[in-house]
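Reminder that position 17 of the sequence shown reads as 17 in the working numbering, one-by-one numbering, no gaps.
We treat Cβ as the ideally placed atom computed from N, Cα and C, and that holds for glycine.
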Amino acid sequence: MKHSKGIFLLGKIVLMVLLLTIVLRQVQWHDLTTVDEAGQTSTIPGVASNLKGVSPLFLLAAWASLFTAVTLSGARWYRLLLGIGISFRLKELIRLVYIGEFFNNFLPGSLGGDAVKIYLSLKNSSRKTAILTSIFADRLLGLMSLSLIAAVMLGYQVLQGNISGEALLLPLFPLALIGFGLTGGALLLFSDPLWALLGLNRFLDRIPFADQIRRGGGILRELATNRRDLPMIILYSLGCQTFSIIGVAFLGASLDLGLSLPQYLMSVPLIFILSAVPLTPGGVGLLEELFLIYLAAAHNPNKILIMALLYRLLMILCGLPGLILFLTAGATERKLLKTGDRNSGL
1 MKHSKGIFLL GKIVLMVLLL TIVLRQVQWH DLTTVDEAGQ TSTIPGVASN
51 LKGVSPLFLL AAWASLFTAV TLSGARWYRL LLGIGISFRL KELIRLVYIG
101 EFFNNFLPGS LGGDAVKIYL SLKNSSRKTA ILTSIFADRL LGLMSLSLIA
151 AVMLGYQVLQ GNISGEALLL PLFPLALIGF GLTGGALLLF SDPLWALLGL
201 NRFLDRIPFA DQIRRGGGIL RELATNRRDL PMIILYSLGC QTFSIIGVAF
251 LGASLDLGLS LPQYLMSVPL IFILSAVPLT PGGVGLLEEL FLIYLAAAHN
301 PNKILIMALL YRLLMILCGL PGLILFLTAG ATERKLLKTG DRNSGL
């Protein structure tokens, strides 16, 4: 088992190096001066020159938007837990979210943001299944919100005649796959005859935690039909993702990238979704390449790479309050956070 994990990690590192190599080869680090046939000179700014032109005001606006998104993710989790009958103080949940954000961004791949939710499940072991279901539902809501925003803006761009032909396939293909997956998941969640047809009950009976999986499915069904809490949960989720996207748009404005807000609203959700696939440690290399692919309409790889790196930097800054909260937490709590993934009994 340890040998296979080592090979898997090595493969991820190799892929990360490959992607970083591809990304860096697309970037021009120094100013390039060219002379045309008429003897006129022109200079293409390199990375260093583009960095000098970053607008501090837009950079601050980007940080504020991303910081707001992190806070709203805590509020979303709070509403989600209320929706399944679990009550916590909003302040406590937001504190845990910021600690998770620190581990997720400042130390990518070492522990991860879900460690705080593992801590929460340990702290409330009597409702462990419900809390773990809330973790899954929280991720699912994020995926659905991003997909909805991207799909709506893709439709808008098509109607405006701003995208067509082969360019349409780049956002359409992943959205179609996501839509297919979400539809299939919904059918499995609500259709007992489909379970019987596929023999899934017999399959579940043969694996550990079958009862917990069934209880989790029941909790998801109750949440999906909760007309009182679900609208507010969805609203928080859409708000959280919108602020994240606008944060990236502000970064683009700080670099004078020249892309419209609809372009960001269509492309950035797909960058977020695809970069969450654990192909490389911390998504390093993958995130940067996705920025270059989906924002290629800016026709400036230098600025796009700078934007991707600034996004990483701002997310690290957003997670720094989590470091302070973690260091000021009690010794028992820190121990739970450090060992939760090994001793949680999940």
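CB-CB under 8 Å to SER244, same chain, minus the five flanking residues each way: which ones, in chain order?
To locate residue 244, count along the sequence shown from 1; it is residue 244. Excluding sequence neighbours, SER244 sits near SER65, LEU66, ALA69, VAL268 and PHE272.
Between GLU289, LEU159, ALA308 and LEU148, which has its C-alpha nearest THR242's C-alpha?
Sequence index remark: in the sequence shown, residue 242 carries index 242 (1-based). Of the listed residues, the one whose Cα sits closest to THR242 is LEU148.
Thinking SER134 and LEU80 are a contact (beta carbons under 8 Å), I'd like their distance in whole angstroms, please.
Residue 134 sits at position 134 when you count from the first residue of the sequence shown. Residue 80 sits at position 80 when you count from the first residue of the sequence shown. About 5 Å; that satisfies the 8 Å criterion.
6 Å CB neighbourhood of GLY319 in its chain, flanking five on each side removed
Taking the first residue of the sequence shown as 1, we reach residue 319 at position 319. For GLY319, where only same-chain residues beyond five positions count, the Cβ hits under 6 Å are GLU101, PHE102, ASN105 and PHE106.
Ignoring anything shorter than 3 residues or poking outside the stretch 128 to 213, list the beta strand (DSSP E) runs there in chain order.
none
Whether TYR236 touches LEU270 by CB criterion (7 Å)
In the sequence shown, counting from the first residue as 1, residue 236 sits at position 236. In the sequence shown, counting from the first residue as 1, residue 270 sits at position 270. Going by C-beta atoms, TYR236 is not nearer than 7 Å to LEU270.
Between which residues of its own chain and LEU327 is the CB-CB distance below 7 Å, once the five residues before and five after are set aside?
Here residue 327 is taken as the residue at index 327 of the sequence shown, counted from 1. Nothing meets the Cβ criterion.
Specify, as a first and last residue, the run of the alpha helix (DSSP H) that SER267 falls within.
If you number the sequence shown from 1, residue 267 lands on position 267. SER267 -> alpha helix (DSSP H) spans 261 to 275.
Enumerate in chain order the residues of its own chain whose CB-to-CB distance from GLU92 is below 8 Å, with the five nearest sequence positions on each side excluded.
Your numbering for residue 92 matches position 92 in the sequence shown. There are no such residues.
Quick one: residues in its chain with C-beta nearer than 6 Å to the C-beta of GLY322, no 5 flanking neighbours on either side, listed in chain order?
As a position in the sequence shown, residue 322 is number 322, starting the count at 1. Around GLY322: TYR98, ILE99, GLU101 and PHE102.
Who are the Cβ neighbours of ALA308 in its own chain at under 7 Å, not counting the five residues just before and after it?
Locating residue 308 in the sequence shown gives position 308, counting from the first residue. Hits under 7 Å: LEU287, GLU288 and PHE291.
Within the same chain, show all residues whose beta-carbon is closer than 6 Å to that of VAL14, passing over the 5 residues directly before and after it, in chain order.
Here residue 14 is taken as the residue at index 14 of the sequence shown, counted from 1. There are no such residues.
Own chain partners of LEU246 with C-beta closer than 6 Å, once the 5 adjacent residues on each side are dropped:
For this step, residue 246 is matched to residue 246 along the sequence shown. Looking at the sequence itself, residue 246 is Ile, so the reference to Leu does not match. The residues are SER65.
With a threshold of 16 other CB atoms inside 10 Å of the CB of ASP205, please say whether the residue is buried or exposed.
Residue 205 sits at position 205 when you count from the first residue of the sequence shown. Classification of ASP205: exposed, given that the 10 Å Cβ count is below 16.
Can you tell me the Cβ-Cβ gap for GLY83 and LEU230, rounded? I've got them flagged as a contact below 8 Å.
On the sequence shown, residue 83 is found 83 positions in, with the first residue counted as 1. On the sequence shown, residue 230 is found 230 positions in, with the first residue counted as 1. Right, their Cβ atoms sit about 7 Å apart.
Alpha-carbon spacing of GLY340 relative to ILE131, whole angstroms:
Position 340 of the sequence shown holds residue 340. Position 131 of the sequence shown holds residue 131. Note that GLY340 has pLDDT 39, beneath the 50 cutoff, so the model's placement of it is unreliable and no number is given.
Reduced DSSP secondary structure (H/G/I, E/B, other) of LEU279:
One-based indexing of the sequence shown puts residue 279 at position 279. Residue state, collapsed to three classes: coil.
Range covered by the alpha helix (DSSP H) that runs through ARG312
The residue labelled residue 312 in the question sits at position 312 within the sequence shown. Note, ARG312: alpha helix (DSSP H), 301 to 327.
Taking the alpha helix (DSSP H) that PHE102 belongs to, which residues open and close that run?
As a first step, residue 102 must be located in the sequence shown, where it is residue number 102. PHE102 -> alpha helix (DSSP H) spans 90 to 105.
Assign GLN225 to one of three DSSP states: helix, strand, or coil.
Along the sequence shown, read from residue 1 onward, the residue named residue 225 stands at position 225. The sequence given here has Thr at residue 225, not Gln. Note: THR225 maps to coil in three-state DSSP.
Give the secondary structure of ILE245 by DSSP, where H, G and I count as helix, E and B as strand, and everything else as coil.
Walking along the sequence shown from the start, residue 245 turns up at place 245. Taken through DSSP and simplified to helix, strand or coil, ILE245 comes out as helix.
Shortest alpha-carbon distance to ARG312 belongs to which of LEU182, LEU251, LEU172 and ALA137?
Here the question's residue 312 lines up with position 312 in the sequence shown. Distance from the Cα of ARG312 is smallest, within the candidate group LEU182, LEU251, LEU172 and ALA137, for LEU251.
Measuring CA to CA, which of ALA210, ASP138 and GLY217 is closest to ARG350?
In this structure the chain extends from 1 to 346, so residue 350 is not present and cannot be described.
Could you tell me the distance, in whole angstroms, from the CA atom of GLY161 to the CA atom of ASN302?
For the purposes of this step, residue 161 is taken as residue 161 along the sequence shown, with counting starting at 1. For the purposes of this step, residue 302 is taken as residue 302 along the sequence shown, with counting starting at 1. Straight-line Cα distance between these residues: approximately 28 Å.
Out of curiosity, what's the CA-to-CA distance linking ILE225 and ALA276?
Walking along the sequence shown from the start, residue 225 turns up at place 225. Walking along the sequence shown from the start, residue 276 turns up at place 276. Correcting the residue type first, residue 225 is Thr in the shown sequence and not Ile. The straight-line gap from Cα to Cα measures roughly 28 Å.
Out of curiosity, what's the CA-to-CA distance linking PRO174 and GLY155?
Taking the sequence shown and counting its residues from 1, the one referred to as residue 174 is at position 174. Taking the sequence shown and counting its residues from 1, the one referred to as residue 155 is at position 155. Cα-Cα distance, rounded: 14 Å.
Report all residues from its chain with a CB closer than 7 Å to the CB of LEU261; omit the five preceding and five following residues, and keep chain order.
Residue 261 sits at position 261 when you count from the first residue of the sequence shown. So the qualifying residues of the chain are ALA249.
Do you know how far the Cα of CYS240 is from the Cα of GLY85?
As a first step, residue 85 must be located in the sequence shown, where it is residue number 85. As a first step, residue 240 must be located in the sequence shown, where it is residue number 240. Near 22 Å, if we compare the C-alpha coordinates of CYS240 and GLY85.
Quick check on the burial criterion: 16 or more other C-beta atoms within 10 angstroms. Buried or exposed for GLY179?
As a working mapping, residue 179 is identified with position 179 in the sequence shown. The residue in question, GLY179, is exposed, as its Cβ has fewer than 16 Cβ neighbours within 10 Å.
Inter-residue Cα distance where the pair is LEU259 and PHE209:
Taking the first residue of the sequence shown as 1, we reach residue 259 at position 259. Taking the first residue of the sequence shown as 1, we reach residue 209 at position 209. Taking the straight line joining both Cα atoms gives about 48 Å.
So, for LEU325: in the same chain, excluding its five sequence neighbours on each side, which residues have a beta-carbon less than 7 Å away from its beta-carbon?
Within the sequence shown, the letter at position 325 stands for residue 325. Taken in chain order, the residues that qualify are ARG95, TYR98 and ILE99.
Could you check if PRO193 is buried or exposed, using at least 16 other CB atoms within 10 Å of its CB as the buried criterion?
In the sequence shown, the residue the question calls residue 193 occupies position 193. Exposed: under 16 other Cβ atoms inside 10 Å.
My output table needs one value for LEU255: the three-state DSSP class, helix, strand or coil.
For this step, residue 255 is matched to residue 255 along the sequence shown. In this structure, LEU255 counts as coil in the three-state DSSP scheme.
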